[in-house]
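Report on one structure; see the data block that follows.
And the structure:
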């Protein structure tokens, strides 16, 4: 009994040792995992901080871009030079204007803005343009503008904006192109309508064989060809001498064979033409008989159509 108790105690101590070792291992694993996650987080945070902080290279690029813009804007501002105008002669009569002529003198005002101020009308606000118009009126009435302002030669084509629309053709060229295209389309429609009418007329005069009639015509053509071959054995010979089974021949004999073949083709064509003419005549006679019956019916008086049941 004593030995059994000691053995059970040893087993219990052994199992307790195993549990403690497993707990230690699991705690060590969890601590290592926590360390790894902290290191990953710290790396991500450092990476984000690097992204947020601009590098020396980025700062240098930004500085170069700002310098370029300043230089470019400075050049644009220095491009405009006030245009000197030759005032109109005193001998030229002018019609004085007032602030109420803001809309009627808009082309001249746009030109004055561009040449005197270096401004474009469509790139300014309405209050700005109205504020400058009295100055334009004063120069106009004071005869300080050139002659073209007073003689009406300033048209609506004055530049109002710096935007380039890139129009490649004028309205007149576009209209001419549209008219040509419409004419071509009308001509194509007329040609199609004429071709369709010709086809209908041909079908009425010479109806095309279909179904059984077409098969009968093909069989008749094959029989005619076989008959011609039997009547003229020369058709089995080869052009230029010899025949299917061998041998030789002269040039004159070859010409004679070719002539006979042409005659046979002409005869077959004549037979087909006669057959078409007969069919056309029969169709015309049939149509005439139907028209005669219709005319006779009409001559008897008004036609009454019974109501549907």
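Residue numbers (UniProt numbering): 1 to 309.
Cβ atoms here follow ideal geometry from the backbone N, Cα and C, with glycine treated the same way.
Just so you know, these numbers come straight off a predicted model, no measurement behind them.
Residue 150 carries a helical assignment under DSSP once its states are collapsed to helix, strand and coil.
In the three-state reduction of the DSSP assignment, residue 87 falls in the coil class. Rounded to the nearest whole angstrom, the C-alpha separation of residue 145 and residue 175 is 39 Å. Comparing alpha carbon positions, the residue from 152, 96, 151 closest to residue 134 is 96. The beta-carbon distance between residue 121 and residue 113, rounded to whole angstroms, is 6 Å. This is short enough to meet the 8 Å contact definition.
Comparing alpha carbon positions, the residue from 92, 195, 125, 279 closest to residue 151 is 92. Distance from residue 260 to residue 224 at the Cβ level is roughly 15 Å; contact not present, criterion being Cβ atoms closer than 8 Å. Taken atom to atom, the span from the alpha-carbon of residue 126 to that of residue 189 is near 53 Å. Residue state for residue 187 is assigned as helix, using DSSP reduced to three classes.
Listed in chain order, the alpha helix (DSSP H) runs fully inside the region 115-151 are 126-141, 147-150, counting runs of at least 4 residues. A direct Cα-to-Cα measurement between residue 299 and residue 291 gives close to 12 Å.
One Cα belongs to residue 154, the other to residue 128, and the distance between them is close to 22 Å. In the DSSP annotation of this structure, the continuous segment of the alpha helix (DSSP H) that includes residue 280 starts and ends at 251-299. Counting every other CB atom within 10 Å of its CB across the protein chains shown gives residue 213 a total below 16, marking it as exposed.
In the DSSP annotation of this structure, the continuous segment of the alpha helix (DSSP H) that includes residue 108 starts and ends at 106-112. Under the three-state reduction of DSSP output, residue 212 falls in the helix class. One thing to note: residue 87 has its Cβ within 8 Å of the Cβ of residue 143. A straight-line Cα-Cα distance of about 45 Å links residue 288 and residue 181. Between residue 123 and residue 173, the alpha-carbon positions lie close to 30 Å from each other. By a beta-carbon distance limit of 8 Å, residue 205 contacts residue 280. Their separation comes to about 5 Å.
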